[in-house]
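Data first, discussion second: the structure below is written as structure tokens.
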Amino acid sequence: KIQTDVFPHLLKLHAIHPTLYPTVCPWCGGRPTLYHISWGCDRKPSDITNFLGEPLTPSMEQWEAHLASSDPGVQLALLDQVRRAAKASGALDVGPQP
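The sequence shown begins at 4 in the numbering used here and counts up one residue at a time.
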């Protein structure tokens, strides 16, 4: 769901339910894509700024490397990161939980 961009995030949810979800990042006002909310925003809440016990470095290259990883530990950690970010952003406030 993460690699194919079907995991719920604010921008996608706004396209489906424009009155329920904003088109801006709740932390910085940027465009709330899955990458931005989960990884790229440098103003994320502190509880979602670590990945695998290390400070998260928001870069597209790092995001793509983790998306392509065959390591099950990295895959699960990335899914956890995306879930925590989606919850913190409000993307999981309504509807089914992935």
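We put the beta carbon where it would ideally sit given N, CA and C, even for glycine.
Keep in mind that this is a model prediction, so the values were computed, not measured.
task: Have a look at Ala-88 and Ser-73 and give me their C-alpha separation to the nearest angstrom.
output: Between the alpha carbons of Ala-88 and Ser-73 lies a gap of roughly 22 Å.
message: Can you find the residues in the same chain that come closer than 6 Å, C-beta to C-beta, to Trp-42, ignoring five residues on each side of it along the sequence?
response: Pro-61, Trp-66
- prompt: Do we get a CB-CB distance below 7 Å when we pair Arg-34 with the residues of chain D?
  reply: Judged by its chain identifiers, the structure shown contains no chain D, having just a single protein chain.
- request: Look up Pro-58 in the DSSP assignment and say whether it is helix, strand or coil.
  value: strand
task: My understanding is that Thr-26 touches Leu-37, with C-beta atoms under 8 Å, so please give their C-beta distance in whole angstroms.
output: 14 Å between Cβ atoms; not a contact.
message: Nearest by alpha-carbon distance to Cys-44: which of Leu-95, Val-85, Asp-96 is it?
response: Val-85
message: Taking the straight line between their C-alpha atoms, what separation do you get for Ile-40 and Leu-59?
response: 13 Å
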